[in-house]
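Residue numbers (this note's numbering), protein chains in the order written: chain A, 462 to 1005; chain B, 7 to 189. Data first, discussion second: the structure below is written as structure tokens.
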Amino acid sequence: MNEITCECGHVNPEGTVLCESCGKPVEENQHIDGNDQKELLNMRYDGSARRSQTYNRTAVDKVWNFFSSVKVGVWLIFITLIASAIGTIFPQEVFIPGNVDPATHYRDQYGIPGQIYYQLGFHDLFSSWWYMLLIAMIGISIVIASIDRFFPLYKTLKKQKPKRHELFMKKQRIYGQTVAENIDADRFKENLKKRRFKVYEQDGHILAEKNRFARWGPYVNHIGLIIFLLGALLRFIPAFYVDEFIWVREGETALIAGTEGEFYIENKAFTLETYNMDDPEDAKFKEAIEKQGGPIPKTFRTDAVVYERTNSGVPGAEPELDVFKEGAATMNNPLKFDDYALYQASYQLNEFKEMTFKIHDKDDEDTNYGEFTVDLSNPQSTYELDGGYRVEVANYFPDYEMEDGQPVSVSKYPKNPAFVFNLYPPGENDPETSFLGIGANIDAGGDNQYKLGLAGFDVRDVTGLTVKKDHTLGIISLGGAIFMIGVIQGMYWNHRRIWLQPRKDGVWLAGHTNKNWYALRMDIEKAIADTNIEAPKDQYEMKS
Amino acid sequence: MKEKTLQKKKKRLVFRSLMLVFMVGLAAFALIANGKEEQTVVAKGEQAPDFQLKEFTTDKTIQLSDLKGKGIMLNFWATYCGPCKDEMPYMEKLYPKYKEKGVEILAVNLDSTELVVENFIHEYDLSFPILQDKNGEVMDLYNIGPIPSTLFINPEGDIEEQVIGPLTLDKLEGHLQSISPEE
């Protein structure tokens, strides 16, 4: 390693731009910060040896240095920004209707641009592999760039000595020479201390410094960001994060998705309440209700019982259930149990539950030879009626459609039920067959004596619940809080330093801050009051 | 001096390598976890997860792990799914032959109405076990998306092949052959 021994005697690590101790520009390294082309010193990272600028020997170093570059980091953020912006031009896949094929939807809705959008994967941008890779690379860049800058800067600021090299003084933006005999250095120090500067002295050279901690703001901010990203990463682990959706029919007990078979829910009742202007409580909304013309929902509520499985079994095995919690979920008021919360998210009203049929003469609907009720989610195969009639369910189509002249079911839900019934009159062995559906009542043989008619039906509602578990919020909030602390730390405090160097015929004074130069000049102005030191010049302003 | 430098260099290399490996590992985890969410299948070569389901028409339950040593064809189907119905006769045709050879066919049904399924079993005269997955628990366990979906599990209990969509008689026979236990 080519260490650099400064003329002040301090040994600097390779790649140092300004001597850690006295600030003397290290001649062969001035190009690193572009100082060779400027009259003033570039003071970033205090001229410390950023490792990325120094070691580039192995492949690991090359990868490291790629991510260490702020330029690369800014590019990554810029590309991510552009991609995110493009991702908002058309809706994301999760927001298009569920029953359409995204492959055709984007073309049909948005034409050629829509198709390009879809084919480039922008329709599912935020979980596309390349977008996640960009985020991951930003994360890596943040960590490496911070490591490479924080430690050298920390060391340099720790090692700095009040005694500065002449060139360092002269090339500061704030710099002034005073030629005078009677300079009151003690008064100067007193003034600085009053302004809450820390004052260090070495052979009459003075360094006054305040708010060094403001320099750590960006790194604190980055730690927050990394914690935030780790929190988001934990969302991939089911132990930390669950986000599922379930449909539960009234009266049905269903497995709660995402609980690994541990919890079940019984939907006792789903209620959709609407505003009613005759109700004294809602009377104040009369105008609005009239204006709307139709019903306005007031609450969506699911009354439910949550069960815990008490037997540990393999998936699919019959569960033994114990009541765990009874409660209700309404809009924005989830039913909470264990680590989970059930949010009222959707509903379907009036799905068929039961149908009641009666047997009557083909030509006379007023006759009644008996009635039977079919539970549409669990029909019996035969129904024995009191009058000696027997009805066999030859076929059942929960959601029927005609396909090539044949009835078929297109789903398992009783949305449009239809039956093939075999009716055995008392003492008969040959049945009368008929087909019954909504709006269909077909005599299969054509010479039936009896007819089956729909005497009534019962409906039930279906509730849609979102199952949520989120243990990452704490981590994400912590990351966000640290992020903000870092921002505040770096924004509202400024690192200021003032150097005073005794000369044969007077003193030199220089000052540096990372931001808010006006306030630094005010500090200096107050500090030199009654000390016979002349106010320094802003060499940057003089140039322009 | 020279030795100290070398040591420093080595330390730097180790530190940088470890940091990079750690962070690339995290990124890889994110990418894989994200990819898995979209996947509709349990991966090939993995151990088939165990389950226990009730059989239609009998009161028996069947547990996958009890069938170790046999090749298993695990078919997910429903009566409202046309292509599922079409491949049932093929399965019925090949079942007796491969049962002899030590292959079991398990057809996991996703309907919710028992009567409908029982009628279907009688109509098609099916002799292999039809299992009832009332809560869709096993379907979720195997990440089944569109049906028909069929997994072929070898006698060691590993998933040999997954076929999404209907099977022809020839293809079915080929797959059954490949999971037959060696004599």
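A virtual CB, placed ideally from N, CA and C, is assigned to each residue, including glycine. Since the model is a prediction, treat every value here as computed from it, not as a measurement.
Residue i to residue j, Cα distance in whole Å?
i                : j                : result
Lys797 (chain A) : Trp708 (chain A) : 17 angstroms
Ala802 (chain A) : Glu812 (chain A) : 26 angstroms
Asp904 (chain A) : Thr119 (chain B) : 25 angstroms
Ile644 (chain A) : Gly637 (chain A) : 14 angstroms
Arg568 (chain A) : Lys729 (chain A) : 44 angstroms
Glu554 (chain A) : Pro563 (chain A) : 7 angstroms
Thr992 (chain A) : Asp664 (chain A) : 19 angstroms
Asp800 (chain A) : Leu695 (chain A) : 16 angstroms
Ala113 (chain B) : Asp860 (chain A) : 22 angstroms
Phe918 (chain A) : Gln570 (chain A) : 41 angstroms
Val531 (chain A) : Ala606 (chain A) : 7 angstroms
Gln962 (chain A) : Ala641 (chain A) : 13 angstroms
Thr46 (chain B)  : Lys823 (chain A) : Residue confidence is low: Thr46 (chain B) scores 47 on pLDDT, short of 50, so the model does not pin down where it sits. No coordinate-derived value is stated.
Gln53 (chain B)  : Thr174 (chain B) : 26 angstroms
Closest Cβ-Cβ distance between residue i and chain B: below 8 angstroms?
i                : result
Pro859 (chain A) : yes
Met738 (chain A) : no
Asp522 (chain A) : yes
Gly722 (chain A) : yes
Thr927 (chain A) : no
Gly848 (chain A) : no
Ala790 (chain A) : no
Looking at chain A, is there any beta carbon in it that lies within less than 8 angstroms of the beta carbon of residue i?
i                : result
Phe57 (chain B)  : yes
Ser155 (chain B) : no
Met79 (chain B)  : no
Glu143 (chain B) : yes
Tyr86 (chain B)  : yes
Asn149 (chain B) : no
Gln69 (chain B)  : yes
Leu19 (chain B)  : yes
Leu121 (chain B) : yes
Asp72 (chain B)  : no
Leu37 (chain B)  : yes
Ala54 (chain B)  : no
Leu26 (chain B)  : yes
Asp131 (chain B) : no
Name the DSSP beta bridge partners of residue i, please?
i                 : result
Val928 (chain A)  : A:Glu705, A:Leu803
His821 (chain A)  : A:Lys912
Glu769 (chain A)  : A:Phe724, A:Asp783
Trp960 (chain A)  : A:Leu668, A:Ala971
Ser588 (chain A)  : Bridge partners of Ser588 (chain A): none, in fact.
Val835 (chain A)  : A:Met816
Gln1060 (chain A) : Look at the range of chain A in this structure, 462 to 1005, and you will see that residue 1060 (chain A) is not part of it.
Ile493 (chain A)  : Note: Ile493 (chain A) sits in no beta bridge, so no partner.
Looking at the structure shown, is residue i part of a helix, part of a strand, or coil, going by DSSP?
i                : result
Asn40 (chain B)  : helix
Ser938 (chain A) : helix
Leu628 (chain A) : helix
Ser482 (chain A) : coil
Val968 (chain A) : strand
Pro868 (chain A) : strand
Gly142 (chain B) : coil
Gln498 (chain A) : helix
Asn682 (chain A) : helix
Pro758 (chain A) : strand
Thr549 (chain A) : coil
Ile989 (chain A) : coil
Tyr506 (chain A) : helix
Ser184 (chain B) : helix
Ile899 (chain A) : coil
Leu981 (chain A) : helix
Glu179 (chain B) : helix
Assuming residue i and residue j are in contact, meaning their beta carbons sit under 8 angstroms apart, how far apart are those beta carbons, in whole angstroms?
i                : j                : result
Tyr101 (chain B) : Ser71 (chain B)  : So it is not a contact: roughly 21 angstroms between Cβ atoms.
Thr714 (chain A) : Glu727 (chain A) : 4 angstroms
Tyr725 (chain A) : Arg770 (chain A) : 7 angstroms
Gln58 (chain B)  : Val775 (chain A) : 5 angstroms
Leu884 (chain A) : Val852 (chain A) : 5 angstroms
Ile111 (chain B) : Met97 (chain B)  : 6 angstroms
Val478 (chain A) : Asn490 (chain A) : 5 angstroms
Gly75 (chain B)  : Pro152 (chain B) : Gly75 (chain B) to Pro152 (chain B), Cβ: 31 angstroms. No contact.
Ala765 (chain A) : Ala790 (chain A) : 7 angstroms
Leu913 (chain A) : Met816 (chain A) : The Cβ separation is near 11 angstroms, so there is no contact.
Lys759 (chain A) : Glu787 (chain A) : In fact, because the Cβ distance is near 23 angstroms, the residues do not count as touching under 8 angstroms.
Could you check whether the Cβ of residue i sits closer than 7 angstroms to any heavy atom belonging to the ligand SAM?
i                : result
Asp825 (chain A) : The ligand SAM is not part of the structure shown, which contains no ligands of any sort.
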